[in-house]
């Protein structure tokens, strides 16, 4: 339920305002009361993902950053992907926004305040990457878990995580991933086999097994600060993804998807 956002937990709380050690903040996260019953409603929940990250740490007996690096990033050669990037990589990292919380420009550390208060490593935010690294990851997923003759995930695992979970009628959620529905951010040409995720600051990744296409959008919609986030951003994100498909000659609109009003 945590990974499909059907645990009934609220989407977000300002735990960082507690101004306490991360252990105390984490304790508050773990004791957050649900606002709905299990499988009553789909609510994208940062709290659920923070909790899930801690479950992974408990089962693996290692920190989330070391676990993901040893299982995924290092075997794939994703050398520009990490939580809490080193100062040596700072020249490759663009500023996110000026933060009123920290009274400085965020650059090279996680934008999400709750993740920052938890040390920069959390299940819901904090991962830095590059287009090249994400392309490697995406191709591995298109290859059903294999990249460069090396198996990262079992094909059954890839399939399990990327098909719609169908825990709630009308929910587009797979396990962690989203799937195309309605006015999808992944464009109108993406197939029903597609899966992806978006980020608050303007990033998105959509992978389409049927068409063997992936689209990586790494942009910053909250610079110089989040109040400048263009309300038309969501329209342009859909258009950018759709235009990539058109450039590849893939112009058959998925009948289950709709253009956003700006393009209708």
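Numbering (this note's numbering), first residue to last: 63 to 326. Built from N, CA and C at the ideal position, the CB exists for glycine as well.
Exposed or buried, residue i, counting other C-beta atoms within 10 Å across all chains shown (16 or more means buried)?
| i | result |
| --- | --- |
| residue 262 | exposed |
| residue 167 | exposed |
| residue 286 | exposed |
| residue 274 | exposed |
| residue 121 | exposed |
| residue 294 | exposed |
| residue 69 | buried |
| residue 99 | exposed |
| residue 127 | buried |
| residue 218 | exposed |
| residue 193 | exposed |
| residue 97 | exposed |
| residue 310 | exposed |
| residue 152 | exposed |
| residue 159 | buried |
| residue 156 | exposed |
| residue 31 | An answer regarding residue 31 cannot be provided, because it is not within the stretch 63 to 326 covered by the chain. |
| residue 210 | exposed |
| residue 251 | buried |
| residue 147 | buried |
| residue 299 | buried |
| residue 277 | buried |
Just verifying my parser: in three-state terms, what is the DSSP assignment at residue i?
| i | result |
| --- | --- |
| residue 259 | strand |
| residue 239 | coil |
| residue 100 | coil |
| residue 310 | coil |
| residue 244 | strand |
| residue 112 | helix |
| residue 209 | strand |
| residue 270 | strand |
| residue 279 | strand |
| residue 180 | coil |
| residue 158 | coil |
| residue 166 | strand |
| residue 138 | helix |
| residue 77 | helix |
| residue 171 | coil |
| residue 230 | coil |
| residue 319 | strand |
| residue 223 | helix |
| residue 215 | coil |
Please look up how many angstroms separate the CB atoms of residue i and residue j, rounded, as I've assumed it's under 8 Å.
| i | j | result |
| --- | --- | --- |
| residue 256 | residue 307 | With a Cβ gap of about 11 Å, residue 256 and residue 307 do not count as contacting. |
| residue 258 | residue 283 | With a Cβ gap of about 17 Å, residue 258 and residue 283 do not count as contacting. |
| residue 138 | residue 214 | 6 Å |
Nearest CA to the CA of residue i: which residue from the options?
| i | options | result |
| --- | --- | --- |
| residue 63 | 183, 227, 74, 162 | 227 |
| residue 244 | 318, 133, 203 | 318 |
| residue 109 | 241, 142, 174 | 174 |
| residue 269 | 324, 205, 186 | 205 |
| residue 112 | 299, 87, 309, 101 | 87 |
| residue 162 | 79, 230, 133 | 79 |
| residue 221 | 238, 233, 212 | 238 |
| residue 280 | 178, 303, 272 | 303 |
| residue 272 | 278, 316, 199, 65 | 316 |
| residue 77 | 92, 66, 118, 232 | 92 |
| residue 164 | 292, 322, 81 | 81 |
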